[in-house]
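Protein chains in written order, with the working numbering: chain A, 10 to 432; chain B, 10 to 432; chain C, 10 to 432.
Shown next, in structure tokens, is the structure this report addresses.
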Amino acid sequence: MARTSSHATGLRVQLPPLCFLFQAAIIILFSFFVRYNHETDSSLWHRSNHSDMDNDFYFRYPTFSLQWSTLVQGFFHSFHGGKIYIGVESMINADFCTGAVLISFGAVLGKTSPVQLLLMSLLEVTLFGVNEFILLNLLGVKDAGGSMTIHTFGAYFGLVLSRVLYRSHLDKSKHREGSVYHSDLFAMIGTIFLWIFWPSFNSAPTNTGDGQHRTALNTYYSLGASTLSTFALSALLSREGKLDMVHIQNAALAGGVVVGTSGEMMITPFGALMAGFLAGIISTLGYKFLMPILESKFKVQDTCGVHNLHGMPGVLGALLGALVAGLATHQTYGDGLKSVFPLIAEGHRNATSQAVYQLFGLFVTLVLASLGGGIGGLLLRLPCLNSPPDSQCYEDQIYWEVPLEHEDEVQEHLRSEDTETQA
Amino acid sequence: MARTSSHATGLRVQLPPLCFLFQAAIIILFSFFVRYNHETDSSLWHRSNHSDMDNDFYFRYPTFSLQWSTLVQGFFHSFHGGKIYIGVESMINADFCTGAVLISFGAVLGKTSPVQLLLMSLLEVTLFGVNEFILLNLLGVKDAGGSMTIHTFGAYFGLVLSRVLYRSHLDKSKHREGSVYHSDLFAMIGTIFLWIFWPSFNSAPTNTGDGQHRTALNTYYSLGASTLSTFALSALLSREGKLDMVHIQNAALAGGVVVGTSGEMMITPFGALMAGFLAGIISTLGYKFLMPILESKFKVQDTCGVHNLHGMPGVLGALLGALVAGLATHQTYGDGLKSVFPLIAEGHRNATSQAVYQLFGLFVTLVLASLGGGIGGLLLRLPCLNSPPDSQCYEDQIYWEVPLEHEDEVQEHLRSEDTETQA
Amino acid sequence: MARTSSHATGLRVQLPPLCFLFQAAIIILFSFFVRYNHETDSSLWHRSNHSDMDNDFYFRYPTFSLQWSTLVQGFFHSFHGGKIYIGVESMINADFCTGAVLISFGAVLGKTSPVQLLLMSLLEVTLFGVNEFILLNLLGVKDAGGSMTIHTFGAYFGLVLSRVLYRSHLDKSKHREGSVYHSDLFAMIGTIFLWIFWPSFNSAPTNTGDGQHRTALNTYYSLGASTLSTFALSALLSREGKLDMVHIQNAALAGGVVVGTSGEMMITPFGALMAGFLAGIISTLGYKFLMPILESKFKVQDTCGVHNLHGMPGVLGALLGALVAGLATHQTYGDGLKSVFPLIAEGHRNATSQAVYQLFGLFVTLVLASLGGGIGGLLLRLPCLNSPPDSQCYEDQIYWEVPLEHEDEVQEHLRSEDTETQA
């Protein structure tokens, strides 16, 4: 591990001003436009009725994007009288948007600088808001767990962007991309954490009552089935029948992605198991066979394999959602139809046209994500942004003060410092 | 660390077909028998009254056993009209069952193959369902946090099974069984996680209201007391007065196990402290003195020491539950008697006979666990199951693709690969 | 890493008796004084009305202090008729107290023995209870998230104590104080965990409804802003523009501390962003510039930098709380005034005098914390307590059985043991 980096990252000149600028802009915008909504404001609460929202879980990521997305989403969803009214639901929505941004990060991680990632967030959050508004409000598409709005959008935005940023000499950094024993264990903690919270994640925006129960249950069984099929396929595809940590860490979660759209619908426990099973298979096959082809033939360098965990399972989830929506009947859903498919319940649509709208939503998502990723990629290729050179990719210490690996090294380092001082 | 394994694990030939077979069987059984229950079904919800279940926490483990246990438990508990109706409660019950399976895994880990563990789950989940049905439904035993049904059952099932699989030459793998510095820190994260969620775990199946409050509170104080007594005893038992990570990681949790049965009863805060204090003592003594004897004299090789964390504290918890049940009076419980001890409240039993039933429940659990573990052990000794050889136990890389330990090694490995290619 | 320690720690002689003594004392006190309250007692629940407390999250730490604090706080808050009545709220309060103790630990960690820490808890928990009682009950100060009672109190108690324990030759252990690569990743898991739960932490003791929503929201935006300003400043302050893990791990959380008092008030989303932004700046500057000065000029050796994360942001939070309280009007709060500022709503005070009381609360906290830390430091300097020698600080293995670092070492160790046996 080289201890010095000769590459001028420009981080000191660019990152702080950008952060401060963005933060100042957001603070100013907040001061003019953002107010507590009726469930959060002390004086409004006591004058109105409340949905008794059960906010037992907030998933949040420490980035700029959640502040920005509050503004963007707020503009589309809760803008009236010149103000944006925010509450706990705004927070959850902002988190979901940040989820999409993190998925896109997965495709370009290690090859981009913090400044590039910050600019990328700015663009993606904006487009995420546009796409979500078109799907949920204009098209009346259902997508509670975000198979389309979060996973498909995030994955293809990142993949197209990664394509535009293609580096033909990335093999110079190849030795750093792999994992080591301990980093694999760390990643496993993340997997278990995601596994545990995925049912809450998918069910958070659905209706309290049967909706949340059903979504949690479906997600749970789908995750179980995808885990099992991943273990089976991982052993089957290895020459010696060994399990691959990368498959287990990722494909085991594909079951959560694939029921993102249909989780709140009546897909039946059987349907959830089938969906998860398929998602695990597709995702593992993607890691094993499709990912190398994507890089060699299509010049898409997908650092974390987001195409396998979010791209394909997301599209599959969207298609599944369309199928299940097309099969909806008054009999199956009973009085619940008006919360799951309000437009069908009110007679504005029949099940088939809902299915067509769902498919159209997927199409819009793919188009917007690709366009956005393309524009983003061109933007990030601006030379002034100082992306890391080919030989420095996947290297923590370009952007981070990295401590020494072992205590022995630390002692040696201190000893040599002492010698220098004495000389 | 040897990089190649000459042992043919048979994993590639056996694991995938078994996984696929089990998954297919379950999917088919689900399609015929499993339906959403009235709290999860869209059309049923709007026609019925609901218990307002507060499902703030789902603990779940990524295995086959939770699907299978849904079927087994569903068969016993919610089978009517030829269908099994499932909801969030089924999920929690399936998780608890999976907990017992994981406890048993703890006794045989490192000495068994994934295929063996899969078969073991199949058997144990079935017997867990039988045991739970006998205790809770036939005998009217109270065991919310599962001192008997989860901890005692899981521990003795695993221990008897480990006895049947006894390997006299396991010392060949002795150098791999120990922990290293970083793995100890990892394990500590798990301990903290379990500590934090144990009160929720014990109180999840109890009645909303005073029941859940009381169970959480008792578990919390019991955990506190067991942690303190573990620290004290660990320092006392060490020659130099040093604390032992294995004691802290495990015995500190014994307080959660020991109030599994009595947590929802009126054991008083004082009683909870006493119980936890005792459990910490017994568990630490178990690690220090009993575990080596178990191996040398009784030929039980207990990899993770489940006898100390789950076996003994589980039995102690069952006895404590019987004691507290025997002391129940109408005066102490007031109107709450009908939720804690419905059979006493309705006059079908007095407190003493409830205590006797509790003891009988412990006896049934021990018998079923031992029988099941014995049968399971004989099954797992079938030669076609390819258990790992004595010299390869506790070795990740028989069954996993293990990355290299350090970046230096990775670079060296790549360099040698380059040389090979050039040659 | 030396494998043997010649320093006699006295741990074996002192820790166990102290633990047992304290535990016995607490058990006896519990048996005489502690009872379930009306929300936890089976017979009382069914005779009374209940606040429907939403206890979705219990943060708890495995120490003696939570049992002791139950007694101390119970004495002040729920002592009537000679008994202390406890419930879930007592648990949360005990946890908060334990939080303050852990903050103080951060200032002296690595330089004190477990026995010293135990005695320190005993004193600090008692004084925490006194301070909290004065502030909340006597002065009518608002401090839901504990900017004053938890963060300011914990930080200055620990810092003054650390000053009294000043060691002029601590540089002998300097090489062990730094972090290594893997320990930094571990610490990052803790940071993410705290980030995620901080909104729940601040909002847990506030009023259900708009109060909890508002506190969670404010905490969330404040955390977001402090994270952003920390990233910006960390890059700006580094010579090469690199980010410093220590800043990210700590200063990113300052936003949670700074809205501890004002989080439940109507500070507006804009105000929360500003507060978090400032807290991140101050905290990062503290790590970079103030911390070395504190050690060299003021002889305060602050192991974890609690002054930067808890001390300064805590004081800033208290001042902010006073400011926002001073601006409170009936118009802004509406009917909610009686839950946020009951004394103003009932006409006993106006907003300005509430602000003065808030400031006085901060003053009392600082005085009590400093006095307590001073007395505690003198107590801990008693020679019989065997604090570790200067050359053995920050060393795990004085008090812990530390396993070997790598498997290779383990094998070598076993081999040399074999040789010894043969010889």
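Yeah, the Cβ is synthetic: ideal placement off N, Cα and C, and Gly gets one too.
Just measuring C-alpha positions, the residue of M100(C), L318(C), F298(C), L299(C) sitting nearest I257(C) is L318(C). In this structure, T158(C) and L147(C) do not form a Cβ contact; the two beta carbons are roughly 13 Å apart against a cut-off of 8 Å. Within the same chain, E273 come within 7 Å of R223(B) by CB-CB distance, once the 5 residues on both sides are set aside. Note that the C-beta distance between V124(C) and L394(C) is below 8 Å.
A residue is called buried once 16 or more other Cβ atoms fall within 10 Å of its Cβ, and H339(A), having fewer, is exposed. For P351(A), there are no neighbours in chain B by C-beta distance under 9 Å, as the nearest C-beta there is about 13 Å away.
DSSP places A263(B) inside the alpha helix (DSSP H), whose first and last residues are 263 to 267. Here the segment 224 to 243 of chain C lies against the segment 257 to 269 of chain C, with 3 or more beta-carbon pairs under 8 Å apart. Against chain C, the beta carbon of Y366(B) has no neighbour under 7 Å; the closest one sits roughly 20 Å away. Assigned with DSSP and collapsed to three states, D219(A) falls in helix.
Shown here, L371(C) sits in a helix according to DSSP, grouped into three states.
Excluding the 5 residues flanking it on each side, I276(B) has same chain C-beta neighbours closer than 8 Å at N227, V268, A284, L329, V333, in chain order. Excluding five sequence positions before and after V373(B), the CB atoms of its chain that fall closer than 8 Å to its own CB belong to N140, I143, L144, L148, given in chain order. Non-local C-beta neighbours of G250(B) in its own chain, meaning closer than 6 Å and more than five positions away in sequence, comprise A244, ordered along the chain. Residue range 277 to 294 is occupied by the alpha helix (DSSP H) that includes T293(B).
Between the segment 109 to 119 of chain A and the segment 127 to 135 of chain A, the count of Cβ pairs shorter than 8 Å is three or higher; the stretches touch.
Between the beta-carbon of A337(B) and that of F350(B) there is about 6 Å, and that keeps the pair under the 8 Å contact cut. For the segment 278 to 304 of chain C, the beta-carbon criterion of a distance under 7 Å to any beta-carbon of chain A is satisfied by P278, F279, L282, M283, F286. Taking a C-beta distance under 8 Å as the contact criterion, K120(B) and T293(B) do not qualify as a contact pair. Collapsing the DSSP output to three states places D253(A) in a strand. Taking every protein chain shown into account, the CB of K297(B) has 16 or more other CB atoms within 10 angstroms, so this residue is buried.
Less than 8 Å divides the Cβ of F286(B) from the Cβ of S238(B).
The three-state reading of DSSP puts Y175(C) in coil, since its state is none of H, G, I, E or B. Less than 8 Å divides the Cβ of L168(C) from the Cβ of G320(C). Residue burial is scored here from C-beta neighbours: K306(B) has fewer than 16 other C-beta atoms within 10 angstroms and is therefore classed as exposed. Here the alpha carbon of G154(C) sits roughly 17 Å from the alpha carbon of P278(C). Chain A places a beta carbon closer than 8 Å to that of P25(B), counting this residue as a contact. Using beta-carbon distances, C106(C) does not count as an interface residue toward chain B, since no partner is under 8 Å. One thing to note: K151(A) has its Cβ no nearer than 8 Å to the Cβ of T341(A). Check the Cα spacing between R390(C) and each of C28(C), S122(C), E98(C), Q367(C): the tightest is with S122(C). Counting only Cβ-Cβ distances below 9 Å, A234(B) has contacts in chain C at Q32, I35, I36, Q76, in chain order. In the same chain as G381(C), and ignoring 5 residues on each side of it, the C-beta atoms closer than 7 Å to its own belong to L132, E133, L136, F166, in chain order.
For E141(C), the uninterrupted alpha helix (DSSP H) run begins and ends at 123 to 141, by DSSP. In this structure, the alpha-carbon of Y94(C) lies about 20 Å from that of L346(B). The continuous stretches of alpha helix (DSSP H) do not include G149(C), and DSSP gives it neither H nor E.
Residue range 351 to 354 is occupied by the alpha helix (DSSP H) that includes P351(A).
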